[in-house]
Amino acid sequence: LCGGCHERARPRNAEGLRDNFGTFWAAAQRGEVGGGIDDRERREKQDVVIQVTMHADLSEACRTDEMTRTVDYRAVKKRLVRLVEHSQFLLIEALAEALARSCLETERVQRVDVLVEKPGALRFARTVGVELTRTRADE
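Its first residue numbered 2, the sequence shown is counted upward by one per residue in our numbering.
As structure tokens, this is what we get:
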């Protein structure tokens, strides 16, 4: 998880992130969204499954063991849950974009990968989903 906290800082990779970046993730967070394409989806909350991976330089946190030097993933999760619960997006693509932007509001987060799935949205399919990656440079 620390991503090389005992090593010297390395040059940036092709994405502009240092190799000593670590990640936080929240896997399979379930929620309900109040949106969708047809009338039924907009009337009844729809289940979604969300996975978020945030990339941040964790070297200071690893070195100092101080909460102020890391990402407060509990605060991020609460912000994302509120966003999902109050959303009215027509498309899961728009929801995924809003989740990514919200994660990037966290100072230390430099890149975020977001996967949003909507189980049971299509007949004969276990799930449908969208996955996207956003960075600070995208803003």
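No residue lacks a Cβ here, since even glycine has one placed at the ideal position from N, Cα and C.
Since this is a predicted model, take the numbers as computed values, not measurements.
Counting other Cβ atoms within 10 Å of its Cβ, Lys119 reaches 16 or more and is therefore classed as buried.
Using a Cβ distance threshold of 8 Å, Leu84 and Ala99 count as a contacting pair. Looking at Arg102, Arg70 and Lys78, the one whose alpha-carbon comes closest to that of Asp58 is Arg70.
A Cβ-Cβ contact shorter than 8 Å links Ala101 with Arg135. In the same chain as Ser103, and ignoring 5 residues on each side of it, the C-beta atoms closer than 7 Å to its own belong to Arg80, Leu81 and Leu84, in chain order.
In this structure, the alpha-carbon of Ala126 lies about 24 Å from that of Gln89.
The Cβ atoms of Thr54 and Asp114 sit closer than 8 Å to each other. Going by beta carbons, Val131 and Ile93 fall inside the 8 Å limit. Pairing Glu86 with Glu108, the inter-Cα distance amounts to about 24 Å. Just measuring C-alpha positions, the residue of Arg112, Lys78, Gly23 and Arg75 sitting nearest Ala62 is Gly23. Distance from the Cα of Gln111 is smallest, within the candidate group Leu91, Gln52, Arg137 and Arg124, for Arg137.
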